[in-house]
Each structure stands twice: as structure tokens, then as C-alpha cells.
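Novice: I'd like to ask you about the structure that follows.
Protein chains: 2
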Amino acid sequence: MRKGEATRERILDIAQASVLEKGFGATSIEEIIAAAGITKSGFFYHFRDKNELAYALLNRYVTEDMRILDEVFGRAADLCDDPLQSFLVGLKLLAEVFADLPGGHPGCMIASVCYQERLFDRRVIELNRTAVVAMNARFRSYLEAIAAVYPPREPLDLDTLAEMISCIIDGGIIMSKVMGDPNRLVRQILAYRALIKQHFSPPQEMASRPPPLAA
Amino acid sequence: MRKGEATRERILDIAQASVLEKGFGATSIEEIIAAAGITKSGFFYHFRDKNELAYALLNRYVTEDMRILDEVFGRAADLCDDPLQSFLVGLKLLAEVFADLPGGHPGCMIASVCYQERLFDRRVIELNRTAVVAMNARFRSYLEAIAAVYPPREPLDLDTLAEMISCIIDGGIIMSKVMGDPNRLVRQILAYRALIKQHFSPPQEMASRPPPLAA
DNA sequence: CCGAAAACTGGACCGATGGTAGGGTTTTTA
DNA sequence: TAAAAACCCTACCATCGGTCCAGTTTTCGG
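So the protein lines, in turn, are chains A and B. For the first sequence, UniProt numbering begins at 1 and goes up steadily by one. For the second sequence, UniProt numbering begins at 1 and goes up steadily by one.
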């Protein structure tokens, strides 16, 4: 039971790296089992077919992603009460997490699945959608708390602003990979942070006044 | 000569749709020739191997992309002299272009290639990088013209802000595809536009004054 | 309208791959 | 110590990328 778990995780590690480098369709089971040091039968003992591997891969990825976000924005909430400051701290911590990844971010499984939709069954597609919806809802709740205290100068749809984080991250990962520079992603997150800060900041002539109290 | 061009384009159309739906590795030559109504020999008459197909696909995509940007931001430059207003108009026009795509944006070849790097040879990878560099340089030049007239309140790296457009578009496409709603991409571009507008706008107490003259 | 180049067709073949099936063997754990 | 878990071995099949080569039709410039 314990041994099986370890092998399963090893398969997932190897498969994930390959999928993010070559795509799911081009990831062969043969190369996975060769790298994992098992036989084909061993592989099919853990996964009924390739689609079950895909589901397990994506599921593990989004679970880990949510865990990281919980941790980062949880710590940020501990550090300060003001929703805007807390969110800004969270974004900075998130940028640090990405900056500390050795070799940069390996790629987003959600994006990878999205660009190979027709390869997967409905369960995988649905899991992908659900994960994105959950992420958008999370950031939307943060922004709602901010907007309640700091009314933005120009009205901007909070849903769109919440989705923008995912877009920035996915786009930033692509930019980093294409340019061969992991720092591009970090800079994008910090730029988003700066723009959010500006958007919710009181106009300049009030800059010297103390911030409003949290509700 | 003309007939050959037409067939070649048809192959590229079919291949592009398949690549954006299933990935390059899972796109089989057999299905391409079946859909195109030609034989395998006919395919290899036009493309030496699959990698040459990949190069042609990507090359056609980035060329068309640049043409659209030239057109959109060229028209925007015609419509107004002020660099900020011109840029904002361009972004709105770009959003309209995406909104008018029937069935939404089919996907970005650059992102697709990025997520299947190991499948392609150096020429393809290099073309991908070059295209992104060119796009970043284009938007950076627009932003430079703006910053020269409207000094931003908080200093924000123009390169990062320029790259942000590509990130927003690539991320917006993914968001649109995953959510099954083409409008997500449009909203992201308009949100970027609003944030840029805010970033380069003079502080509120000067809002009623006329904008500065262009250099 | 003709001839040459362009644009294909047809078929045979190879090695590798994804995936299936089923019967064995070792390892772990309760 | 026995059963359940975690594998291994072998054989097999259809598909795919890719090659080769010999033919045939289509197109178009002169």
C-alpha cells in the first residue's frame, strides 16, 4: 500500500515533466516506465489507461496549487488585517514562491490540458473547468473585501479583475518559457500587484491621510 | 503553382485546427490527409517532414498576427495623435477583432508550441522566441511614446508592462477556452486597457485641465 | 496547343508506439 | 503465515511517422 503510493507518485512526477515538455499526446508510456524503472504491466496496474493518468496528473496539480494559495494568502491574512494590504502581501509572497522554484515554473497543467482538449474525456475537462472556477472565486472574494473598504476610482468588474490573476500567471509562464527567463513570470505578478494597488488607492491629495479602518 | 498553394494552405488550415485542439504530437498526418482529400505522398510533396509542417504553421500564424496588429494599431494611430489615446483606441479595436471571431479565438500557436517544446527543432523554437520578442518590442515602443508625454505616478518597468499584453492575451485565450466563453478574452483586454489608462492618467485634481500637447 | 514542370496518386515497406490480455511471481502487511 | 498488493513476462494488434520509387494527371508559360 505504501510502496504502491510511492511508485504511483514517481510515475506522476515523470509523466508531469514529460507532459509539460512535449504534451500529453507525445508522452509515451514506454518512456515513462523506462524512467520509472518498471514494466508496462506495472504501469497499467496503477492506471487503467492513459486517460486515468491524465486525470490523476491534473487532480494532483490543482490540489497542490490550491494548497500553495491557501498557504500564501493565509499567511498574508495573518500578517495584516487590511484587505488591500493583505492581498498585496499575498501577491508578493506568491511572486517569491515562483522566484524560488529551481529552474523556473515547469508549466501549468491547466494550460496544457486546455491546449489538448480533444485528447481527454469529460471528467478531465470538467475538472479543469472546476479548478479555474474555484480559483476565480477565491480571488474574487479577496477583491470584494478590498472594494468594500476602498471604493475604486473607476468602476471595474471584480470578476474580470479576479480572472486577470490566472491570466497573468498562465501568460507569464508562457512568456518565461518562451524567453527562457523564469523572472518574467515574477515580474508580471508584481506588475499586476502594482496596478491593483494603484486602482484601489485613494487619489493623491488624500495620500497623506491615514487609511480607513477595516470593517 | 497556384493549385499547389491552395492545397498547401488547406493542409495548414486543417493541421492548425487539429494542433490547437489536440496538440502537435497527437495530430496525425493520416487524419490531415484524410480531411484534405489527398494521399500521404501528396502531403510529403508539400512538407519534407512533420517538423517542416510545424515551422510553416507557426510562421503563418505569427505573420498573420503581426499583420492584424499592424492594421489595428495603424488605424488607431491615424485616428488620434496623442500616444495614450491612440494606444487605448488600438486596444479597443483589438478587443473588437477578437470579439468578432466566430466561435471565439481558436488558440494561440505560440502557446501551443511553448507547451510542446521538445517536439520541435531549433528553428521552430527560435521562430517562437523571435515572434514574442518582436511583439514585446512593438508594445514597448507604444508605451515609451506614452510615458514621454504622461509621466506615470509610480515608476513601472515599461518592458514588463509591454509583455503584459501578450500575457493577458495568452492567459485570456486559455481562460476563454477553459470556461467555454469567448468573451473572457475580450474583457481581459479591456481591463488591461482600463488599468493602463489609470496608470498614465494625471492625478484627480488635474483631471479637468486639458491634456498636455504631444511632443 | 504543346511540352515541361508542378502536383499529385499508388503501393509496399519499416520500426516504434499505445494499448490489451492473461498468466505468473515477488513483496508487503495484517 | 496467508492473503492481498504490487508488480513482471510474453505475446499480440492496429496505427503512425517516415521512406522509396515508379507512375499519372493537372497546370501553365511560351
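Glycine is no exception: its CB is placed at the ideal position from the N, C-alpha and C atoms. It should be emphasised that the depicted structure is a prediction, and the values quoted were computed from it without experimental measurement.
For my contact list, L58 (chain B) and V124 (chain B) are in at a C-beta cut-off of 8 Å; report their separation, rounded to the angstrom.
Specialist: Indeed they touch by this definition, with Cβ atoms about 6 Å apart.
Novice: Between the segment 168-175 of chain A and the segment 167-176 of chain B, are three or more C-beta pairs nearer than 8 Å?
Specialist: At 8 Å Cβ cutoff, the stretches touch.
Novice: For S208 (chain A) and R187 (chain A), I'd like the C-alpha separation in whole angstroms.
Specialist: Residue placement at S208 (chain A) cannot be trusted, given a pLDDT of 43 that sits under 50; the coordinates are not used to answer.
Novice: Count the C-beta pairs between the segment 11-28 of chain B and the segment 69-77 of chain B that are closer than 8 Å, then say yes if the count reaches three, no if not.
Specialist: The segment 11-28 of chain B vs the segment 69-77 of chain B: no contact.
Novice: Report yes if the C-beta distance between E154 (chain B) and Q198 (chain A) is below 8 Å; otherwise report no.
Specialist: In contact: E154 (chain B) and Q198 (chain A) (Cβ atoms closer than 8 Å).
Novice: To the nearest angstrom, report how far apart A99 (chain B) and N183 (chain B) are at their CA atoms.
Specialist: Computed Cα separation, rounded: 7 Å.
Novice: Span of the alpha helix (DSSP H) holding G74 (chain B)?
Specialist: That run of the alpha helix (DSSP H) goes 50-79.
Novice: Measure from the alpha carbon of L12 (chain B) to the alpha carbon of each residue in B:K22, B:R122, B:Y61, B:S112, then state which is nearest.
Specialist: L12 (chain B) has its Cα closest to that of B:Y61, out of B:K22, B:R122, B:Y61, B:S112.
Novice: Does the beta-carbon distance from residue 231 (chain A) to Y115 (chain B) come in below 8 Å?
Specialist: In the structure as shown, chain A starts at 1 and stops at 215, and residue 231 (chain A) therefore has no counterpart that could be examined.
Novice: Could you say which of A:A54, A:H105, A:K40 lies nearest to K177 (chain A) if we only look at CA atoms?
Specialist: Taking only the C-alpha atoms, the option nearest K177 (chain A) is A:H105.
Novice: Give me the residue from B:A95, B:I173, B:E5, B:F200 with the minimum Cα distance to M109 (chain B).
Specialist: The option with the nearest alpha carbon to M109 (chain B) is B:I173.
Novice: Would you tell me roughly how many angstroms separate the C-alpha atoms of F139 (chain A) and E64 (chain A), rounded to the nearest one?
Specialist: About 17 Å.
Novice: Could you compute how far the alpha carbon of L185 (chain B) sits from the alpha carbon of L185 (chain A)?
Specialist: Approximately 19 Å between the Cα atoms of the pair.
Novice: Give a yes or no on whether the minimum CB-CB distance between N128 (chain A) and chain B is below 8 Å.
Specialist: Yes, its Cβ sits closer than 8 Å to a Cβ of chain B.
Novice: Please confirm whether S141 (chain B) has its beta-carbon closer than 8 Å to some beta-carbon of chain A.
Specialist: Closer than 8 Å: no.
Novice: Between R193 (chain A) and E21 (chain B), what straight-line distance do the alpha-carbon atoms span, to the nearest angstrom?
Specialist: Going from the Cα of R193 (chain A) to the Cα of E21 (chain B) covers about 33 Å.
Novice: Just to check my reading of the structure: L127 (chain A) and Y55 (chain A) have Cβ atoms closer than 8 Å, yes? What is that Cβ distance to the nearest angstrom?
Specialist: Confirmed, about 7 Å.
Novice: Got a sec: which bits of the segment 162-178 of chain B sit with their beta carbon under 8 Å from any beta carbon on chain A, in order along the chain?
Specialist: Listed by position along the chain: E163, M164, S166, C167, I168, I169, D170, G171, G172, I174, M175, K177, V178.
Novice: Who are the neighbours of L20 (chain B) on chain A, taking C-beta pairs under 8 Å?
Specialist: The answer, in chain order, is Y115.
Novice: Spatial neighbours of A15 (chain B) within its chain, please: C-beta separation below 8 Å, excluding the five flanking residues on both sides.
Specialist: Once the five neighbours on either side are set aside, the close Cβ partners of A15 (chain B) are T27, I32, L53, L57.
Novice: Out of curiosity, what's the CA-to-CA distance linking R129 (chain A) and G90 (chain B)?
Specialist: The alpha-carbon atoms of R129 (chain A) and G90 (chain B) are separated by roughly 31 Å.
Novice: For E5 (chain B), tell me which candidate among B:F47, B:T39, B:N136 has the shortest Cα-Cα distance.
Specialist: Out of B:F47, B:T39, B:N136, B:F47 has the C-alpha closest to the C-alpha of E5 (chain B).
Novice: Are the Cβ atoms of A95 (chain A) and I196 (chain A) separated by less than 8 Å?
Specialist: Going by C-beta atoms, A95 (chain A) is not nearer than 8 Å to I196 (chain A).
Novice: Taking the alpha-carbon positions, what's the M135 (chain B) to E71 (chain B) distance?
Specialist: So the alpha carbons of these two residues sit roughly 14 Å apart.
Novice: Taking all protein chains shown into account, decide if P83 (chain A) is buried (16 or more other Cβ within 10 angstroms of its Cβ) or exposed.
Specialist: Under this definition P83 (chain A) is a buried residue.
Novice: Distance cutoff 8 Å, beta carbons only. Does F47 (chain B) sit that close to anything in chain A?
Specialist: Chain A contact via Cβ: absent.
Novice: Considering only residues of the same chain and omitting the five flanking positions on each side of I146 (chain B), which have a CB-CB separation below 7 Å?
Specialist: These residues qualify, in order along the chain: P83, L84, F87, F200.
Novice: I'd like to know if Q188 (chain B) contacts chain A, where contact means its C-beta is closer than 8 Å to some C-beta of that chain.
Specialist: Output row for Q188 (chain B): interface = yes.
Novice: Strictly under 8 Å for the Cβ-Cβ distance: is V132 (chain B) near chain A by that measure?
Specialist: V132 (chain B) counts as touching chain A.
Novice: Can you tell me the Cα-Cα spacing of R67 (chain B) and K40 (chain A), whole angstroms?
Specialist: Between R67 (chain B) and K40 (chain A), the C-alpha separation is close to 49 Å.
Novice: Taking L119 (chain A) as the query, report the chain B residues whose CB atoms sit under 8 Å from its CB, ordered along the chain.
Specialist: Those are K22, G23, A26, listed as they occur along chain B.
Novice: Against chain B, does A191 (chain A) count as a neighbour if the rule is that its beta carbon must be under 8 Å from one of theirs?
Specialist: A191 (chain A) counts as touching chain B.
Novice: Only counting the same chain, and skipping five residues up and downstream in sequence, which positions put a Cβ closer than 8 Å to that of D159 (chain A)?
Specialist: So the list reads N136, R140, once near-sequence residues are dropped.
Novice: So, is G23 (chain B) buried or exposed, given that buried needs 16 or more other C-beta atoms within 10 angstroms?
Specialist: Burial call: buried.
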